[in-house]
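Shown next, in structure tokens, is the structure this report addresses.
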Amino acid sequence: MTGRRPRAVFIALATATGILVSAHSAVAALNFFPARSFTAGGLPFDIVAGDLDHDGIADLATTDESGGKVFVLRGNGDGTFQAAQGYTTGAGAEGITLANLRVLFPDQRPELDIVAANLNAGTLSVLKNQGDGTFENPSSIASHLSPEGVTTAYLHDDPLPDVAFVASGTNELGVLSNDHNAPPGGPYGTLSGPAYYATGKEPSAVAAGDFDGDFVDDLVTANTGADNVSLLINLGDGSLTAKKDYDVGMRPLDLATGDFNGDGATDVATANNGSSDVSVLLGNGNGTLQPATQEYLGQAPAGIAVADMNQDGKLDIATANSGDNTVSILLGKGNGQFASPMTMPGHGAAAGLAIADLNNDGAPDLVLAGFSTGDVAVLLAAPQFGVSPASLRSPPRELGIEGPVKTVTIRNQATGALRIRQLIVAGVAQGDFAVASSTCGTTLALGKTCAVGIRFTPLTAGIRRAQLRIVDNAPGSPHRVALTGVGASARGPHISGFRATPQRFRASSKQRTAKVPTATRFRFSLSEPAMFRISLFRLEAGHRNGRHCAPGSTSNPKLRCRARHGAGQLKGSGRQGANSVQFTGRLHGHALKPGQYSASLRATGLTGRRSRPVRAPFSIVAH
């Protein structure tokens, strides 16, 4: 496969139309929604994006190699597109570029025209925009054999763009000059030429950039048959010097330009289809390039584009890999080096790649020309949902008493806009929790946060559980935050079922008797979480409740008058529901004396309310 779109479409788009993804100080994750396809001819080959109808929404234009056409897909503003409208150009339509050919002054409304290179017809087609996203019938310009890649370049010291293309059949670069000598006010947009310059063998793509700092564009070509690039420097009047070649990887099909190390000089990156890598050539700023370094990625890259994908102020590289139907992104470090590539599914064997904000959320999206699928595929940047805390615990409250508002913070951690659609409290205790406040509007951009205030007002005693469900457009929606609180009775915790099981046991484990256990368990249930204290008393005859009582002072002869002597305490934290505390009859390393005992249990709720004491008897037998 040969024939490439030449330059970084996103950068060209920003210059021509003002659709620009702004930089952001935060380093973002990169997420993309699965590809969504739109029919565009039989063999879409190359693709560009721009606002073709002045509605502030990115549109698409793609070449169809099999049908010899250009298809225009007008954007709806949400990442979807209207049905493609076709324009016949010439056989083997491959390269495509957008050019503001007819407007000289910046205060005039630009009309983005289309220029396509027709490989088999040996022509270039110019489609003039009628101002509403529709185009006049194409006009043709004859070229030397097999024109492939085409780009827009500012080769003169004025705002009128020229057009450059490569002819692979004759190993040449052609330049079509605009009406730079037209009188003030024009008309402009009539291309003259072409003038030809020698390149390396089988050039497939061309890109523009100022490589020597004289504020006019120079040109660089990717030469598929020579495994190199040719740099041609502008003499300032639109004419070019002889080429200078620089080696890159095998079979470079496409290339893009940008400043990868922040030194103000233009650099070059090539997509090397034969060696499955990217070559990066840093510019010296004086019309020369440094030797290439290689960045390995997906199989057989065919298209390349550059943009600040993660909005950290550093240019990144994206490639469409035709060998394994993937897209690779290399995040720039700002010094000419790149992180290891992240590779994700694409959509068939894509030949062309463009980057633009296709749904007006401020994030760069990807669009592929699906050579093997007969459509264009849009991969919209997706948000990454973040929340803190992941679970929210409200302080204990008495029933019916409103608690303080606790805050849940939602953050968008990726480039795609996060759209908060609904905040819902759900779960068994959903009536105990409420959304008291929210600063979450409809959209969160990269790095932005919003706050949701949750108030806990318990309706029932005990542990209350619910969840905040956040319905949004991020993968994994709805997202959930666990909500927990404790409702406390104003009368304190209620204790039920307090007993010792078994009631009779031995305090020492040194002598073992199968019939008498060596421990007991105090079992009880709490209506709510609480701190508990079990006080142990040894009972003796002759006293009642700690006071002396004479024999016969009780009317029930079976009720023995006893005295209580404190033997110690067991303390702990009890949960709502059933609790069990083991007691071996030993406290502080000493065994309690055999005899009759009483255990008194009292609980203190988390709001400080205390329960009434409850008692349970037990006895410790001799060894």
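For what it's worth, the numbering used here labels the leading residue of the sequence shown as 3, then goes sequentially.
Yeah, the Cβ is synthetic: ideal placement off N, Cα and C, and Gly gets one too.
Since the model is a prediction, treat every value here as computed from it, not as a measurement.
1. Within its chain, find whatever has a CB closer than 7 Å to the CB of L32; leave out the 5 residues flanking it on each side and keep chain order.
2. Under the three-state reduction of DSSP, which class applies to Q296: helix, strand or coil?
3. I'd like to know if the segment 209 to 229 and the segment 187 to 198 are in contact, where contact means that at least 3 CB-CB pairs between them fall below 8 Å.
4. If you follow the beta strand (DSSP E) that Y599 is in, where does it begin and where does it stop?
5. Are the CB atoms of L175 and V168 within a distance shorter than 9 Å?
6. Assign Q432 to one of three DSSP states: helix, strand, or coil.
7. Is it buried or exposed, R253, if we count other Cβ atoms within 10 angstroms and call 16 or more buried?
8. Going by beta carbon distance, what residues of the same chain come within less than 8 Å of R482, once the five residues before and after it are set aside?
9. When the Cα of N225 is compared with those of G238, I422, F217, K246, which residue comes out closest?
10. DSSP state of F507, grouped into three classes?
11. Kindly identify the DSSP beta-bridge partner or partners of C631.
12. Within this structure, are the beta carbons of G240 and V280 separated by less than 9 Å?
13. Quick one: residues in its chain with C-beta nearer than 6 Å to the C-beta of A580, no 5 flanking neighbours on either side, listed in chain order?
14. Between the alpha carbons of L333 and E67, how many angstroms are there, rounded?
15. Hey, how far is the Cα of N120 from the Cα of L420?
16. Taking only the alpha-carbon atoms, compute the straight-line gap between T522 and G405 and give it to the nearest angstrom.
17. Between the C-alpha atoms of R617 and Y599, what's the straight-line distance to the nearest angstrom?
18. Suppose you measure from the CA of D159 to the CA of G478; what does that come to, to the nearest Å?
19. In three-state terms, what does DSSP make of T154?
20. In the DSSP assignment, the beta strand (DSSP E) including V105 goes from what residue to what residue?
21. Give the secondary structure of K2 by DSSP, where H, G and I count as helix, E and B as strand, and everything else as coil.
22. At a cut of 8 Å, does the segment 335 to 350 reach the segment 383 to 400 through at least three beta carbon pairs?
23. Which runs of the beta strand (DSSP E) fall wholly inside the segment 253 to 315 and span at least 3 residues, in chain order?
24. Assuming the contact rule is C-beta atoms closer than 8 Å, G238 and D216 should be a hit. Round their C-beta distance to whole Å, please.
25. Find out if the Cβ-Cβ distance for the pair S170, E150 is shorter than 9 Å.
26. Go through its chain and collect everything with a Cβ distance to I116's Cβ below 7 Å, but skip five positions before and after it.
27. Between the C-alpha atoms of F620 and V488, what's the straight-line distance to the nearest angstrom?
28. Given this structure, state the Cα-to-Cα distance separating E113 from G52, to the nearest angstrom.
29. On a Cα-Cα basis, can you pick out the residue from V407, G597, A605 that is closest to Q578?
30. Within 10 angstroms of the Cβ of D134, are there 16 or more other Cβ atoms? Answer buried if so, exposed if not.
31. Given a threshold of 16 other Cβ atoms within 10 Å of its Cβ, counted over all protein chains shown, does L360 qualify as buried or as exposed?
32. So, helix, strand or coil for G487, using DSSP?
33. Taking DSSP's pairing of strands, which residues face H481 in a bridge?
34. Exposed or buried, what is D203 when buried is set at 16 or more other beta-carbons lying within 10 Å of its beta-carbon?
35. Is it buried or exposed, L461, if we count other Cβ atoms within 10 angstroms and call 16 or more buried?
36. Would you mind stating whether A93 and A123 have Cβ atoms separated by less than 9 Å?
So, from the data block:
1. Residue 32 sits at position 30 when you count from the first residue of the sequence shown. M311, N312, I331, M344, A416, T417.
2. Here residue 296 refers to the residue found at position 294 of the sequence shown. Secondary structure at Q296: strand, using DSSP grouped into helix, strand and coil.
3. no
4. Sequence index remark: in the sequence shown, residue 599 carries index 597 (1-based). Annotation for Y599: the continuous beta strand (DSSP E) segment containing it runs 597 to 607.
5. Position 166 of the sequence shown, counting from 1, holds the residue named residue 168. Position 173 of the sequence shown, counting from 1, holds the residue named residue 175. A contact, by the Cβ cut-off of 9 Å.
6. Indexing the sequence shown from 1 puts residue 432 at position 430. In the structure shown, Q432 sits in a helix (DSSP, three-state: H, G or I).
7. For this step, residue 253 is matched to residue 251 along the sequence shown. Buried, since its Cβ has 16 or more Cβ neighbours within 10 Å.
8. Stepping through the sequence shown from its first residue, residue 482 is reached at position 480. Cβ within range, chain order: Q469, L470, R471, I472.
9. As a position in the sequence shown, residue 225 is number 223, starting the count at 1. If we check each option's Cα against that of N225, K246 comes out closest.
10. Along the sequence shown, read from residue 1 onward, the residue named residue 507 stands at position 505. The answer is strand: DSSP assigns F507 an E or B state.
11. Limits of the chain in this structure are 3 at one end and 625 at the other, which puts residue 631 out of reach.
12. Residue mapping note: residue 240 aligns to position 238 of the sequence shown, counting from 1. Residue mapping note: residue 280 aligns to position 278 of the sequence shown, counting from 1. When the beta-carbon positions are compared, G240 and V280 stay at least 9 Å from each other.
13. By 1-based counting over the sequence shown, the position of residue 580 is 578. S527, listed in sequence order.
14. As a first step, residue 333 must be located in the sequence shown, where it is residue number 331. As a first step, residue 67 must be located in the sequence shown, where it is residue number 65. Answer to the nearest angstrom: the Cα atoms are 32 Å apart.
15. Start at 1 with the first residue of the sequence shown, and residue 120 comes out as number 118. Start at 1 with the first residue of the sequence shown, and residue 420 comes out as number 418. Spanning the two alpha carbons is a distance of roughly 42 Å.
16. Locating residue 522 in the sequence shown gives position 520, where the first residue counts as 1. Locating residue 405 in the sequence shown gives position 403, where the first residue counts as 1. C-alpha separation (whole angstroms): 40 Å.
17. Along the sequence shown, one-based indexing puts residue 617 at 615. Along the sequence shown, one-based indexing puts residue 599 at 597. Computed Cα separation, rounded: 10 Å.
18. For the purposes of this step, residue 159 is taken as residue 157 along the sequence shown, with counting starting at 1. For the purposes of this step, residue 478 is taken as residue 476 along the sequence shown, with counting starting at 1. Their backbone Cα atoms lie some 52 Å apart in a straight line.
19. The residue labelled residue 154 in the question sits at position 152 within the sequence shown. It is a strand residue.
20. Sequence index remark: in the sequence shown, residue 105 carries index 103 (1-based). Annotation: V105 is outside any beta strand (DSSP E) and is labelled neither H nor E by DSSP.
21. Residue 2 lies beyond the stretch modelled for the chain, which goes from 3 to 625, so this question has no answer here.
22. These segments do not touch.
23. Runs of the beta strand (DSSP E) inside the segment 253 to 315: 254 to 260, 269 to 274, 279 to 283, 295 to 298, 303 to 309.
24. As a working mapping, residue 238 is identified with position 236 in the sequence shown. As a working mapping, residue 216 is identified with position 214 in the sequence shown. Their Cβ separation, rounded to whole angstroms, is 6 Å, which keeps G238 and D216 in contact under 8 Å.
25. Position 168 of the sequence shown holds residue 170. Position 148 of the sequence shown holds residue 150. Their beta carbons are under 9 Å apart, which means S170 touches E150 by this criterion.
26. As a first step, residue 116 is located in the sequence shown; it is residue number 114 there, counting from the start. Sequence-distant partners of I116 (beyond 5 residues in either direction) whose C-beta falls short of 7 Å from its own C-beta, in its chain, are A63, V72, I98, L100, L129, F137.
27. Taking the first residue of the sequence shown as 1, we reach residue 620 at position 618. Taking the first residue of the sequence shown as 1, we reach residue 488 at position 486. If I take the Cα positions, the gap works out to 33 Å.
28. Counted from its first residue, the sequence shown places residue 113 at position 111. Counted from its first residue, the sequence shown places residue 52 at position 50. When rounded, the distance between both Cα atoms is 10 Å.
29. For this step, residue 578 is matched to residue 576 along the sequence shown. Ranking the options by Cα distance to Q578, first place goes to A605.
30. Reading the sequence shown from its first residue, position 132 is the one you call residue 134. So D134 ends up on the exposed side.
31. Taking the sequence shown and counting its residues from 1, one reaches residue 360 at position 358. Result: buried.
32. As a working mapping, residue 487 is identified with position 485 in the sequence shown. Three-state result, G487: strand.
33. Counted from its first residue, the sequence shown places residue 481 at position 479. H481 pairs with I472.
34. Taking the first residue of the sequence shown as 1, we reach residue 203 at position 201. Before going on, a small fix: residue 203 reads as Lys here, not Asp. Exposed: under 16 other Cβ atoms inside 10 Å.
35. The sequence position of residue 461 within the sequence shown is 459, counting from 1. Classification for L461: exposed.
36. Position 91 of the sequence shown, counted from the first residue, corresponds to residue 93. Position 121 of the sequence shown, counted from the first residue, corresponds to residue 123. Yes, the pair counts as a contact, with Cβ atoms nearer than the cut-off.
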